[in-house]
Structures are given as structure tokens and as C-alpha cells.
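Protein chains: 2
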Amino acid sequence: MDELFELLRFASISTDSGHKVDVQACADWLAARMAAAGLQSEVCPTGGHPVVIGRNEQEADRPTVLVYGHYDVQPVDPLELWESDPFDPVIRDGRIWARGSTDNKGQFFAHLCGIAETIEEDGKLPVNLIMLLEGEEEIGSPSLRPFLEAHRGELACDVIVVSDTGMVAPGVPTLGYGLRGITCCEFAIRGPARDLHSGVYGGAVANPGTAVARLVASLHDDNGRVAIDGFYDDVVALEDWEREMWRSVPGMSEEDILGVTGAPSLFGESGYTSAERLWARPTAEVNGIWGGYQGEGSKTVLPAESFAKLSFRLVPGQDPSDIMDKVQAHLEKHCPEGVTVEVERGHHGQAYRSDPHSAHGRAAQEALRKTFRADPVLIREGGSIPIIQDFKEVLGVDTLLLGLALPDCQIHSPNENFTVENFEGGIRLNRVLFEELAGI
Amino acid sequence: MDELFELLRFASISTDSGHKVDVQACADWLAARMAAAGLQSEVCPTGGHPVVIGRNEQEADRPTVLVYGHYDVQPVDPLELWESDPFDPVIRDGRIWARGSTDNKGQFFAHLCGIAETIEEDGKLPVNLIMLLEGEEEIGSPSLRPFLEAHRGELACDVIVVSDTGMVAPGVPTLGYGLRGITCCEFAIRGPARDLHSGVYGGAVANPGTAVARLVASLHDDNGRVAIDGFYDDVVALEDWEREMWRSVPGMSEEDILGVTGAPSLFGESGYTSAERLWARPTAEVNGIWGGYQGEGSKTVLPAESFAKLSFRLVPGQDPSDIMDKVQAHLEKHCPEGVTVEVERGHHGQAYRSDPHSAHGRAAQEALRKTFRADPVLIREGGSIPIIQDFKEVLGVDTLLLGLALPDCQIHSPNENFTVENFEGGIRLNRVLFEELAGI
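Those sequence lines, one after another, are chains A and B. Going by this note's numbering, the first residue of the first sequence is number 129, and it counts up by one from there. Going by this note's numbering, the first residue of the second sequence is number 129, and it counts up by one from there.
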């Protein structure tokens, strides 16, 4: 626990160039920790933040397991909503409170603790291990795919293990076999050369604040369906067994989701349950919108420019570049008169889907059953880990998503936390999982 | 000019409570300046910022003229767009650059300079003078109407003179006989209890950023017409002579407005010219919109709340409270599912209209003609000076709007400026105007 706290104290915010030093320091610390556990470790420079690699002695005739995690974290604002310093972890009510406690430091560090324990107790691991920790997941992993391609041979493996997803409810072991993809952009609306007096010019000059609102509003119809031409063209439909299993999955009722999120009511695409909307349907979201005066009192300006940050969650079948082409065409086509729109594309990643009934999938189900003493549920995840699709394409292997996050651990939000119980469960899971995978 | 610079150095931003001391210091300075010019002056406390009053010796059998101005100014952000410090005035290219140079310190101070000159040269003024300067115009003059009501007798006058509006073009004397009114509000959209991960919850929980956009978008139809039920019900139609005169008024062509504003093209309500849209048609404008992440890079959140500041410019016939009732009903009716809306009402003021062909109107036209050696044009203004309607209702008199601002003097924007020529013209105008009014 002391070591996890040390790890959580690094403010390794990858999106903010002001924290570059913290990201590097965190990578160095992890390499040292791997070495202390008995692994050969290395901090590998990339075009962005470094990748940290750890390996044991590789032996023939046993499977190679790549454990992936990311040591970078999301920004912490609004800081005033945190009940304790996001980078000074504390334990309260059986939970570890800190930015990155769940996403993803706590989860991958449980694996590293399991590995260290096994080596200490058994002298070695039952599988060949490659542990790969990146520092750019929260900004879309721009350097990792080139890294995989450059080290394809050294990273060859049979299966990949990732704990960066969720358990559907406390005590319910969960195997994820799918993730949504993502594609992001920011757009700028520009009108007059400067902010104008809304009395002197209002009515004859288009308002960029109105224009940004009209464009964001144009992304959906009144039924919550995305209104971009061709957006749903390539979506692969849900299978019947998925709809059936998800109907009774714990933690996904309307009451559950209202309880966890505090939303006044739920709203989404007509014709789908919440689980289906979150795990198997694509979305268009505005992550930020701004323009004009935000301060105290009133300032009757017509703002010169306004902005929005958009992200689109994608499902199997949808190609991120194709979707972003459609988004850009939509924004340009619907841009109101009297202003211009400029789209800046951001990061993207394909959606991912594997077969939870494969040999590796069955081994993972068994490890979950033994660790948590309950039948695992099979789900997809609403979040995006674009690198999982890259692993598939570059290394040719599937990923087991063994989530340890709980619905109320508030990842990406103020007061992120991780239960001590799941941190300890993750340590046990690592040991059982490696045994099961060694036995295939 | 040195004295004007002293006046412009006060950061008398009325909307920002952090500048309360500067507003008070500015009022004290003005009272001292009036006394130096030979007026009896007084700083009168109110519930908010003070009113400064100056008078000459009042004589029977001559008209009483009330000269109104406001010594408070708009905020200065975005500060980085100013080419020089907004509160350290400089002269460059024949213009005085500073916040308040045009709106309104430069304009009312020209009158005070004219008054000081007349008293110095002639020993006295040809009219009874009441000069009234307030410190709350930019926040809607909340204390002035009570002040007028409390001092109705002492403030009795025959006509009011205000230079806080525009000349349509350099060298074209302009008499304003109408102003738009205004009503303002801010609304908050609230959804989940905190920012959510847009992958984990996006699709099943409504996004307050989308909701604020949809509500702002709902304010207009595609033709630029306000889409709030009953918004146009009480609008008094334009008269034929107004449409005729405005067709050829200088400075109001599409090319002129594009040149001054830098907008890529013009857009407004179908069926009206720009002059008509600005001077005689009501509007709905978003002055600020914000929610979610605005920083560097991306942060894939679904924001917990989003906000917009709205203002509505009103025309004769429309009642501000009635319009705000309709706005609030519209926002509540159109609030998307899954979020709540809360409306906070701001300041408001009635539109104003007088007869430019009355005796006072003809005197003002003559003063403008003599001062600028050209026929004046008769216009309304797009901006709002709510107190003008209050003068009408409380004191029972009309106001002559003798604008000295030019279209490119950038009021309410960075790099506000006032031409030295119009500052000097304002001094001359004051002297001729008082002579004309004395002669009625």
C-alpha cells in the first residue's frame, strides 16, 4: 500500500505539457519497482511519453502473457470539488482516494504486486511475462502503435491481459470482451474580428455563440439518435445472447445508474436499454463548449468566436477516420450563415470485440470464478482503450479485460477512488490467472 | 486632454465588486472637476455606486437642461487583445485609446469641458443646468430610477441631453430618437451530480453541454427569427419615413458593416435591412456559453453542468418583464430530457422612442447642423440606455441623443477608442446646443 501511494503521488497528467517531468519521473519509478520485483526493466523513449517494459526469464514451451497498463492520468479540474488532494492519496471508508487510483495505477499495480509475490514465494512465474506500461493512454496512445510496430518481435505473445475496465457491481467478477472506439475533434466558430456590442450589432451580425450551439444541437435528433449522415451505416448489430445476458446484468438498472451518476433521469437513443446504449451503440458527446463572457454579472457582447470539443464513441464496424470525415462534412454542411467553422481532428481508436468463449476467454472466466467465488458476467465496456485494437492488428492477439473498477470509483472525475478490497482481489487474480493460462 | 486622461485612468468597472473603490474614486474626482468649473457639485450615495450631480445658479424664465452620462465602464477581458493598457490612455492616429474613452467618459466629459469654457468666457450658462452622472449604467442602472423618484422635484427639467450613442459615419451629425430596450438572464443546465466519463456513461445519461446547446439553438428558427412564442406580439411596426430615411443613411451598407465588424458575411432576420434589424427589430443573443473542459488537449467528460448568458434587445411595444416571462417559459418547455434548467433573471430596461420633429428635436438638429456643418440624419440606436425610458416615466421629459461615437470606436471590446476630433466637436456642440435650447 505504501508503494501504491508513492505511485499515486506522481501528477502524471499526459495531456498537460506542464506535467511532462512528472510523467517521466513516474516511468523511472515504475522501472525501479519492476527491477525490485525481480524483472528486467527498461524505460523506453518514444516520440511522446516513455513506455516502461518489464520481463521475466522467457522459457520455451509455455505461454507468453503481456500485461498492459497505463501510468498517465486525467487532469484534475475542477480541483475545488475534490475532498482531498488528488495527488496525496488517503484511505477513507475502505477506499483509496486519488487521481489514478482506479484509472489505471491501482489496477495495473495490483498485477505487479501479484507478480512480485509469486516470484518471491515460488522463485518464478508460471508464464513468460511482458509487462508494458504506457504514459499516453489518456491522450489516445499516439506513440504506442509505432512502438508496437518497431518491437513486434520482442513483444510477441499469446494473449494480453488488461485491468482497465469495470466490474458491473461489487463482488461480481466481470470479463470484458468488447470496448467502444473513439474519435475526437475540436471545432472553432469564427464570426466578427472581435467581440461586438450586442446592442450596436446584434441582429445584423451572426453570433458565434449561437452558431456553436446550433451545430452541437444538430448532432442529435429529438430521440437521442445521432443525426449525422451515414453515422450508423456500418454498425454491427447486437447478438441475441448479448441482449439476453445484459438484461439481467447487475448494476445496470435505471435505478442503479441514477444512483451512481446522480442524474435527474436517464435519456438516450430510443429502442435500447441503458446497457445496450453504453456498450454497443455509438454516441456523439460534447466534452466542452465555450464562447463569450463567463464571469460575474453580465457583459452584453456578441462573442467573436466560440468553440466545442466533441468525442464520438464507436462500436464494431465503424471506422474512426470515416466517422470523422462524416462529422466534418456535417459540421461544414450545417455551419450557420455569417460565421466560419474550422475542425481540428484529435485522437481516435477502433472499437474492439473478441470471443469470450475462446480457450483464453474460458481460462479468464475460471480465474475470475476462483478469485471472487462467483460466476463471471460477460460484458462489453462503454469506454475506449484504442490500444486494444492496435494489439489485435499489430501483435495478432486478443485481450482479456479483467476489470477491477467499480461503478462509483469516479474515474475522470473529482474524488476518484479504488476499493482496498479490489486492489487486494487484483493481486490474487493475477496469481490464479497466470496458473490458468499456463494450464491451457 | 490631461484631465480626460486622468478620468480614463479610473478602472470604474461597475459589474466587478473588486473595483468598487475605483468607482467611488472616479465619482469623487468628477465632483471636484465640476466644482472647479464653477458648478455646485455633490456625490450622492445610492444603494449601489454613487450618482454625481452638478448645477449652476438656477434662474426663472429659462429652460432647464439635464445632461446625463455614466462614469462606469465595461470589463476589459480578453485583456491580451488590447494593444495598450485599457486604463493607461494614449493618443495614436488621432484617437484616444482606453476603456471608457467613448462609452461614456469621453462623451460626457466633452459636455463638461464645453460648460466649463462657457462659464469661463461668458460668466454663466444660457440655461439652467443639471449634470447627472451615474456609476451603474453598464449593469442596468439599478439605483438610478429610485434616485430619480426620490429627487423628482430637484431634478425637474424641460429636456435631457445624452451623448452616449453613435454618429452613423465620421462628419455626419446624428440625432437619435429611439433606443432598443433589453432584458437579460443566465440559465444553468444541471445533469449528473459530477462530471462523468463519456465512455462509461455516454449514451445513457443526458449531456448538459448538449442540452445547453439545444436550448440556445431553440431560440431562433433557420431564418434568424426569434422562435419564442409571442416574442413579436407587441412589436410596433416601422414607419414608412423611417424605412425611407434609413435606406440611404451613411455607414449602414453591407460593405460598411462588414468592414467595421470583420464578420465574414451578414446574417439576420429575413425581410429587413441591416439598419432595420439593428434599430427597430428585437433580438435574442447568447453573450456567453460554457460547460465542460476548455483546456489544452482532450478530456472525455460528460459535464455535470453547463451555462448560458442571454440578452434580448427589445423595441417599442415590448415589455421586458413580459418578454422574460416568455423566455423562461420557452426554456422550461424546451429543456431536454434528463437535465434540469434554472433561470436567473438579470437587469432589464424598456425601449424608448421620441419625436425628432418636436421643438427640442428641431433645436438639437440645428445645433448639430451648425457644429458639424452638415444636415443631421435621424436614427434610432441598437443599444440600450434603460434610464432614458425612466427619465420619460419619472421626470416626464424626452431625451435628445446626440451621439459622438463612431462605428469603429470598439465600445465594449478590446481597443476602445474615441477620436480627438469628436471630443473637440462635443465641446463645441455643447455650447451651440445650449444657445439653441435657450432660444426656444
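Ideal placement from N, C-alpha and C gives every residue a C-beta, glycine not left out. No experiment lies behind these values; they were computed from the predicted model shown.
- By the rule that beta-carbons nearer than 8 Å mark a contact, Val300 (chain A) does not touch chain B.
- A Cβ-Cβ contact shorter than 8 Å links Trp210 (chain A) with Val204 (chain A).
- Between Pro203 (chain A) and chain B, the shortest Cβ-Cβ separation is below 8 Å.
- At a Cβ-Cβ threshold of 8 Å, Ile568 (chain A) and Pro191 (chain A) count as neighbours.
- In the structure shown, Leu135 (chain B) adopts helical secondary structure according to DSSP, grouped into three states.
- Chain A places a beta carbon closer than 8 Å to that of Tyr329 (chain B), counting this residue as a contact.
- Looking from the CA of Arg353 (chain B), the closest CA among B:Gly299, B:Ala365, B:Arg405 and B:Glu509 belongs to B:Arg405.
- Separation of Trp407 (chain B) and Gly425 (chain B) (C-alpha to C-alpha, rounded to the nearest whole angstrom) is 42 Å.
- Looking at the DSSP output, Gln168 (chain A) bridges to A:Arg183.
- Rounded to the nearest angstrom, the Cβ distance from Thr230 (chain B) to Ala533 (chain B) is 5 Å, consistent with a contact under 8 Å.
- Relative to Cys172 (chain B), the option among B:Ile243, B:Ile385, B:Glu370 and B:Leu276 whose CA is nearest is B:Leu276.
- For Cys241 (chain B), the enclosing alpha helix (DSSP H) starts and ends at Lys233 to Asp250.
- Under the three-state reduction of DSSP output, Met452 (chain B) falls in the helix class.
- In this chain, the beta strand (DSSP E) harbouring Ala412 (chain A) covers Thr411 to Gly420.
- Contact annotation for Ile539 (chain B) against chain A: His325 and Val328 [CB-CB distance below 9 Å, chain order].
- DSSP links Ser439 (chain B) through a beta bridge to B:Cys312 and B:Glu413.
- Following the DSSP letters along the chain, one finds Ile356 (chain B) in no beta strand (DSSP E), marked with neither H nor E.
- Contacts between Asp250 (chain A) and chain B, judged by CB atoms closer than 9 Å, are missing: the closest CB pair is about 37 Å apart.
- In the displayed model, Thr192 (chain B) falls within a strand according to three-state DSSP.
- Below the 9 Å Cβ cutoff, chain B contributes no neighbours of Arg371 (chain A), its closest Cβ being approximately 15 Å away.
- If the five residues before and after Gly228 (chain B) are omitted, its C-beta is found closer than 6 Å to the C-beta atoms of Leu136 and Val201, all from its own chain and listed in chain order.
- Beta-bridge analysis with DSSP links Val471 (chain B) to B:Phe315.
- Residue-level contact by beta carbon holds for Gln422 (chain A) and chain B, with a gap shorter than 8 Å.
- The beta carbon of Ile310 (chain A) sits closer than 8 Å to the beta carbons of Gly268, Ser439, Phe440, Arg441, Leu442, Pro448, His475, His476, Gly477, Ser512 and Pro514 from its chain, once the five residues preceding and following it are set aside; these are given in chain order.
- In the three-state scheme derived from DSSP, where H, G and I count as helix and E and B as strand, Gly477 (chain A) is classed as strand.
- Under the three-state reduction of DSSP, Gly304 (chain B) is assigned to strand.
- When the alpha-carbon of Gly294 (chain B) is set against those of B:Thr547, B:Phe562 and B:Glu563, the nearest one is in B:Thr547.
- Under the three-state reduction of DSSP output, Ala533 (chain B) falls in the strand class.
- Uninterrupted beta strand (DSSP E) stretches at least 3 residues long and entirely within the region 265–297 of chain B occur at 287–290, given in chain order.
- For Trp418 (chain A), a Cβ of chain B is located within less than 8 Å of the residue's own Cβ.
- By the Cβ rule, the region 333–343 of chain B counts as touching the region 416–432 of chain B, because three or more pairs are nearer than 8 Å.
- Around Pro444 (chain A), the same chain offers Val364, Ala479 and Arg481 as residues with beta carbons nearer than 6 Å, after the five sequence neighbours per side are excluded.
- Beyond the five residues adjoining it in sequence on each side, Gln538 (chain B) comes within less than 7 Å, by CB distance, of Glu544 and Asn545 in the same chain, given in chain order.
- A buried status is given to Val505 (chain A), since no fewer than 16 other beta-carbon atoms sit within 10 Å of its beta-carbon.
- Spatial neighbours of Ser346 (chain B) in its own chain (CB-CB distance under 6 Å, excluding positions within 5 residues in sequence) are listed in chain order as His462.
- Here Trp225 (chain B) carries a strand assignment [DSSP, helix/strand/coil].
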